[in-house]
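Quick note on numbering: the UniProt record's numbering labels position 322 of the sequence shown as 322, and the sequence is numbered without any gaps.
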Amino acid sequence: MLVAGFPLFKVLYDQLPEKSQICAILILPIWKFGAKHLIIRASRELEDFIPEIVALSADFVSSLFVAVCISTSSSLYLAAGFIIVDVGQSMLEFREVQDNANVLLSLHQERRQSKEYLGIKNPIKASESDSLLTTMLAVTRNPSSYNIRSLSSARLRACLPHPITQDQEKALNHLEDSGVYTSNTSRRSPSERKIRVSSAITVPEPSDITSKTGSESSEREQKSKQLVVQSLQLLFHCEYLVLVEYVECIVPLVYVIYKSVAEQLPNICYFPGGAGNWGVSAVVNVLISAILEIGSLVMLNIVLQRKFSFSPIYQLAFVLETQIMTVQTKLLITILVLLQYQLEHLGVDFSFRFQWLHQ
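What follows is the structure in structure tokens.
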């Protein structure tokens with residue numbers, strides 16, 4: 001549907017007068033928003049792959065459309081409008097991550113300042129050994145030490161298995177036997193599949209424990225659960241965001257290379273407009289867009305590195321390594337299909353005149 005929608009949207013864009021093409025800038029984010037939610041709903045059984053699926057479908061097609069429109073636009077204001085809207089969408093996504101990060105930083109800071117933590121940890125080594133990822137790994141690997149009885153909103157195993165070692169398999173089996181995490185075989189409603197902070201499960205306290213101690217224990221459990229769930233949300237959002245930035249970085253570069261090579265080939269005369277339409281101004285417009293996207297990726301990496309001492313580049317590398325066949329197949333097929341559809345000898349006539357029928 002997304003692949004078929006790209007030519008349709010491009011045809012409508014070309015048919016509009018130049019002054020009315022600004023409407024495409026407003027329609028594109030709406031289409032992109034709807035496409036994302038449709039894809040998420042269709043792939044809800046593959047929770048771990050949703051960032052990759054969405055980024056390499058809706059965001060990829062949207063980025064390619066923006067690159068094509070920027071390169072063919074004769075209006076500097078129209079090209080600038082596409083770039084501004086794209087940067088604005090990136091800022092909104094950054095803001096969503098920022099809101100999640102603020103909640104997480106607050107929880108992490110409370111834990112570091114707690115009397116229990118200060119009594120266990122050496123203050124000199126605390127800043128070195130208690131990064132967010134270190135804390136999250138410690139809680140998830142040994143939840144009982146942090147008074148966590150249930151993490152119903154977190155799933156232990158991936159929806160599709162990854163290759164792991166025997167020691168890792170034993171560790172997963174041990175955590176699975178503890179009953180803290182949600183079983184993969186259990187059926188959950190779509191609303192339950194969303195990562196969210198769930199309320200603590202009420203467990204009868206022993207009679208010899210005071211109500212104050214029970215209240216403190218329940219509060220520690222709740223804060224530990226919030227820390228884990230908010231951390232998982234942040235990692236999920238960061239994985240999606242870094243994949244989007246990666247796609248928006250490579251699409252303009254691939255398009256520039258493709259058009260520069262196609263301009264030197266004999267079959268360029270079969271493209272709309274023929275030869276000579278790919279000039280310096282078109283290349284500059286697309287490269288400016290690519291530079292801005294690269295800047296967004298660098299900024300995302302710097303912000304997360306300073307706040308949480310982890311780099312989303314590692315998440316990007318993990319996706320590209322573990323899902324290399326899926327990623328490369330989608331990129332190759334989508335690029336070949338969408339960038340070739342305008343060739344005349346493929347039987348496409350977007351003028352809808354079909355002159356060959358009258359010959």
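C-beta atoms are modelled at their ideal positions from N, C-alpha and C, and glycine is treated no differently. Quick caveat: nothing in here was measured; it's all calculated off a predicted structure.
{"Item": "Would you decide whether residue 125 is buried or exposed? Buried here means 16 or more other CB atoms lie within 10 Å of its CB.", "Value": "Because residue 125 sits at a pLDDT of 46, beneath the cut-off of 50, its placement in the model cannot be relied upon, and the following sentence gives the value as read from the coordinates. With fewer than 16 Cβ atoms within 10 Å of its Cβ, residue 125 is classed as exposed."}
{"Item": "In angstroms, rounded to a whole number, what distance separates the CA positions of residue 19 and residue 150?", "Value": "58 Å"}
{"Item": "Which residue marks the beginning of the alpha helix (DSSP H) containing residue 268, and which one marks its end?", "Value": "Note, residue 268: premise wrong, no alpha helix (DSSP H); not H, not E."}
{"Item": "What is the residue span of the alpha helix (DSSP H) that residue 32 lies within?", "Value": "22-42"}
{"Item": "Kindly provide the ranges of any alpha helix (DSSP H) runs that are 4 or more residues long and lie completely inside the segment 267-327, ordered along the chain.", "Value": "280-308, 312-322"}
{"Item": "Ignore the nearest five residues each way along the sequence and tell me which others in residue 323's own chain have a CB closer than 8 Å to its CB.", "Value": "49, 52"}
{"Item": "What do you reckon, are the CB atoms on residue 35 and residue 240 nearer than 8 Å?", "Value": "no"}
{"Item": "Which residue marks the beginning of the alpha helix (DSSP H) containing residue 170, and which one marks its end?", "Value": "166-178"}
{"Item": "Under the assumption that residue 310 contacts residue 133 (Cβ atoms under 8 Å), give the Cβ distance between them as a whole number of angstroms.", "Value": "5 Å"}
{"Item": "How big is the Cα-Cα spacing for residue 138 and residue 100?", "Value": "21 Å"}
{"Item": "Taking the alpha carbon of residue 175 as the point to measure from, which residue in 248, 157, 250, 329 has its own alpha carbon closest?", "Value": "157"}
{"Item": "Go to residue 69, then tell me how far its alpha helix (DSSP H) extends in each direction, as first and last residue.", "Value": "60-72"}
{"Item": "Between which residues of its own chain and residue 252 is the CB-CB distance below 6 Å, once the five residues before and five after are set aside?", "Value": "67, 286, 289, 290"}
{"Item": "Can you name the start and end residues of the alpha helix (DSSP H) that residue 133 belongs to?", "Value": "132-141"}
{"Item": "Would you identify the three-state DSSP class for residue 80, choosing helix, strand or coil?", "Value": "helix"}
{"Item": "Going by alpha carbons, who is nearest to residue 45 out of 339, 155, 13, 328?", "Value": "155"}
{"Item": "Using DSSP with H/G/I as helix, E/B as strand and the rest coil, what is residue 126?", "Value": "With a pLDDT of only 46 at residue 126, under the threshold of 50, the placement of this residue in the model should not be trusted, and no figure is reported."}
{"Item": "Sorry if obvious, but does the Cβ on residue 102 come closer than 7 Å to a heavy atom of the ligand PLP?", "Value": "Summarising the ligand content, the structure contains no ligands, and the ligand PLP is consequently not present."}
{"Item": "Take residue 127 and list the residues in its own chain whose beta-carbon comes closer than 7 Å to its own, dropping the five residues that flank it on each side.", "Value": "For residue 127, the predicted model reports a pLDDT of 47, less than 50, meaning its position is unreliable and no value from the coordinates is stated."}
{"Item": "Buried or exposed: residue 143, going by 16 or more other Cβ atoms within 10 Å of its Cβ?", "Value": "buried"}
{"Item": "Once the 5 residues before and after residue 103 are set aside, which same chain residues still bring their CB inside 7 Å of it?", "Value": "230"}
{"Item": "Report all residues from its chain with a CB closer than 7 Å to the CB of residue 304; omit the five preceding and five following residues, and keep chain order.", "Value": "238, 310, 311, 312"}
{"Item": "By DSSP, does residue 52 sit in helix, in strand, or in coil?", "Value": "helix"}
{"Item": "Within its chain, find whatever has a CB closer than 7 Å to the CB of residue 243; leave out the 5 residues flanking it on each side and keep chain order.", "Value": "51, 52, 55, 316, 319"}
{"Item": "Buried or exposed: which applies to residue 249, given that a residue is buried once 16 or more other Cβ atoms fall within 10 Å of its Cβ?", "Value": "buried"}
{"Item": "For residue 107 and residue 226, which I take to be in contact (beta-carbon distance under 8 Å), what is that distance rounded to the nearest angstrom?", "Value": "6 Å"}
{"Item": "Report back the beta-carbon spacing between residue 62 and residue 28 to the nearest angstrom; my notes put them in contact at under 8 Å.", "Value": "6 Å"}
{"Item": "Considering only the beta carbon of each residue, do residue 59 and residue 247 sit closer than 8 Å?", "Value": "yes"}
{"Item": "Within its chain, find whatever has a CB closer than 7 Å to the CB of residue 335; leave out the 5 residues flanking it on each side and keep chain order.", "Value": "254"}
{"Item": "Decide if residue 97 is buried, meaning its Cβ has at least 16 other Cβ atoms within 10 Å, or exposed.", "Value": "buried"}
{"Item": "Residues in the same chain with beta-carbon distance under 8 Å from residue 81, minus the five sequence neighbours each way, listed in chain order, please.", "Value": "22, 25"}
{"Item": "Taking buried to mean at least 16 other C-beta atoms within 10 Å of its own C-beta, is residue 71 buried or exposed?", "Value": "buried"}
{"Item": "Does the beta-carbon of residue 282 have 16 or more other beta-carbons within 10 angstroms, so that it is buried, or is it exposed?", "Value": "buried"}
{"Item": "How many angstroms separate the CA atom of residue 73 from the CA atom of residue 267?", "Value": "22 Å"}
{"Item": "How long is the line joining the alpha carbons of residue 360 and residue 292, rounded to whole angstroms?", "Value": "The shown model of the chain, from 1 to 359, leaves out residue 360, and the question about it has no answer."}
{"Item": "Give the single residue among 223, 235, 278 whose Cα lies nearest to the Cα of residue 109.", "Value": "223"}
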